[in-house]
Amino acid sequence: MISPLSVPKKAINSATFNDFMKPVREILPDAPPLESKGDRPLKFVFENELDSLIYYHLFENESGRDLLQKLREDDFAKEHII
Numbered sequence: 015m016i017s018p019l020s021v022p023k024k025a026i027n028s029a030t031f032n033d034f035m036k037p038v039r040e041i042l043p044d045a046p047p048l049e050s051k052g053d054r055p056l057k058f059v060f061e062n063e064l065d066s067l068i069y070y071h072l073f074e075n076e077s078g079r080d081l082l083q084k085l086r087e088d089d090f091a092k093e094h095i096i
């Protein structure tokens with residue numbers, strides 16, 4: 015088995031991400047909207063959460079905290095996720 019640390023991380027460009035997301039975006043209008051279960055309104059819509067989840071797995075983030083840091087610092091993430 016290959017150690018996860020020995021696998022080089024590859025950056026994807028926006029064209030790759032957009033090609034990957036195209037079929038998903040085509041069916042999103044038919045998805046029911048997310049609704050807040052509490053008193054506070056949601057800050058993200060389903061599309062934002064889906065983008066974040068896919069980005070998290072494509073870039074093999076170590077944790078949710080690692081994902082949040084990349085969302086603050088990475089230009090690609092700022093442009094396509096947030």
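Residue numbering for the sequence shown follows the working numbering, starting at 15 and increasing by one per position.
All C-beta atoms in this analysis are idealised placements derived from N, C-alpha and C, irrespective of residue type, glycine included.
It should be emphasised that the depicted structure is a prediction, and the values quoted were computed from it without experimental measurement.
DSSP three-state call for residue i: helix, strand or coil?
i	result
residue 16	No answer about residue 16 holds up, because its pLDDT of 42 lies below 50 and its placement is not dependable.
residue 28	helix
residue 54	coil
residue 41	helix
Going by the CB atoms, is the gap between residue j and residue i shorter than 9 Å?
i	j	result
residue 42	residue 60	yes
residue 69	residue 94	yes
residue 103	residue 64	No answer is possible for residue 103: the residues shown for the chain start at 15 and end at 96.
What residue does the alpha helix (DSSP H) around residue i start on, and which one ends it?
i	result
residue 65	60 to 72
residue 49	Neither: residue 49 is in no alpha helix (DSSP H) and is coded neither H nor E.
Assuming residue i and residue j make a contact with CB atoms under 8 Å, what is their CB distance in whole Å?
i	j	result
residue 81	residue 66	7 Å
Practice task
Decide yes or no for the touch test of the region 44 to 55 against the region 75 to 83: beta carbon pairs closer than 8 Å, at least 3 of them.
Solution key: The way I'd put it, the region 44 to 55 doesn't touch the region 75 to 83; fewer than three beta-carbon pairs between them come closer than 8 Å.
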